[in-house]
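Reviewing the structure listed below.
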Amino acid sequence: MTATTSTHTRIEPGILYFGTPVVLISTINEDGSTNLAPMSSAFWLGWRAMLGMSARSKTIQNIRRTGECVLNLPSDSLAHVVDRLALTTGSDPVPPYKQERGYRFEPDKFGRAGLTPVASETVAPPRAAECPVAMEAVVESEHPVAEDDEAQRGGIVAVEARIQRVHVHEEIRMAGTADRIDPNAWRPLIMSFQKFYGLGPQVHPSTLAQIPEDFYRGPDIERGREAPTRQAG
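The opening residue of the sequence shown carries number 0 in numbering that gives the first Met the number 0; numbering runs sequentially from there.
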């Protein structure tokens, strides 16, 4: 066996945000108004989303009370829109930990961002019309994070949300298909170490992509199809 010299250097970064899609989560406040919050600790498994965020956030408070939300995915062209929501919160008064970071209360998040709310089909929170992807979701469970550490216990949660509807702009749907996204057309906004980035072109053919997407269709799709449509008004 040939010996090799490690090129790694040990570091201790404050965060490990190596790059994930930005999500604008819309939820309903106690007074019926809408909160819209950017976050980037999210990933998907089938028609389920795992959302990690502060347990003290307004979004978590709303999700716990109502059990529903909309996950709006902005494209990289909307980075300036998302940035308008930076350092804003739907909590009044602003929690001390957010005051220390320079946050301010903003009652009209959609207006602040310059986004257009559109009524959802199965949940109360609206979709953001300008976002190429919007997913209506209901919360199935909440998982505490770092419960083993007294210093962090109760501070972070991971929410498991089940998708009920997926809405997309026509220009990112793959031509000739009913239910597929064209990854060459879809350009999600990515956050990496608190900075905005976009995706470049495909760098290498994928063997995994040879598996038809239909093989991954699970029972949550049928459950979403059967979700009752909300009455307008």
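Every residue gets a Cβ at the ideal spot worked out from N, C-alpha and C, and that includes glycine.
Remember, predicted model here, so these are calculated numbers, not experimental data.
In terms of residue numbering, what span does the beta strand (DSSP E) encompassing residue i cover?
{"i": "Arg161", "result": "Ile155 to Val167"}
{"i": "Tyr196", "result": "Lys194 to Tyr196"}
{"i": "Ala252", "result": "As displayed, the chain neither begins before 0 nor continues past 232, which places residue 252 out of reach and without an answer."}
Residue j and residue i - do their beta-carbons sit closer together than 9 Å?
{"i": "Ile171", "j": "Val132", "result": "yes"}
{"i": "Ile62", "j": "Val165", "result": "no"}
{"i": "Ser90", "j": "Ser56", "result": "yes"}
{"i": "Thr65", "j": "Thr26", "result": "yes"}
{"i": "Pro125", "j": "Thr33", "result": "yes"}
What is the DSSP secondary structure of residue i, counted as helix, strand or coil?
{"i": "Ala208", "result": "helix"}
{"i": "Ile189", "result": "strand"}
{"i": "Arg224", "result": "helix"}
{"i": "Asn34", "result": "strand"}
{"i": "Thr65", "result": "helix"}
{"i": "Arg111", "result": "helix"}
{"i": "Ile171", "result": "helix"}
{"i": "Ser5", "result": "coil"}
{"i": "Thr88", "result": "strand"}
{"i": "Thr176", "result": "coil"}
{"i": "Phe104", "result": "strand"}
{"i": "Thr58", "result": "helix"}
{"i": "Pro95", "result": "helix"}
Ordered along the chain, which non-local residues of its own chain (more than five positions away) have a Cβ less than 8 Å from that of residue i?
{"i": "Asp219", "result": "Gly45, Trp46, Arg47, Arg161 and Ile162"}
{"i": "Phe195", "result": "Val21, Asp75, Ala78, Val81, Asp82, Leu188 and Ile189"}
{"i": "Ala85", "result": "Pro37"}
Output needed for residue i: all residues of its chain with C-beta closer than 7 Å, excluding positions within five of it in sequence on either side, in chain order.
{"i": "Ile180", "result": "Val167, Ile171, Arg172 and Met173"}
Could you tell me how far apart the beta carbons of residue i and residue j are, in whole angstroms, since I believe they sit closer than 8 Å?
{"i": "Arg103", "j": "Arg83", "result": "Not really, about 12 Å apart at Cβ, beyond 8 Å."}
{"i": "Glu135", "j": "Val117", "result": "Glu135 to Val117, Cβ: 11 Å. No contact."}
{"i": "Gly235", "j": "Ile155", "result": "Beyond the ends of the chain as shown, which are 0 and 232, falls residue 235; an answer cannot be given."}
Just to confirm my understanding: we take residue i, look at its own chain, exclude 5 residues before and 5 after, and list those with CB closer than 6 Å. What are they?
{"i": "Lys97", "result": "Thr88"}
{"i": "Trp185", "result": "Ile171"}
{"i": "Glu105", "result": "Thr87 and Arg111"}
{"i": "Leu114", "result": "Ala127 and Glu129"}
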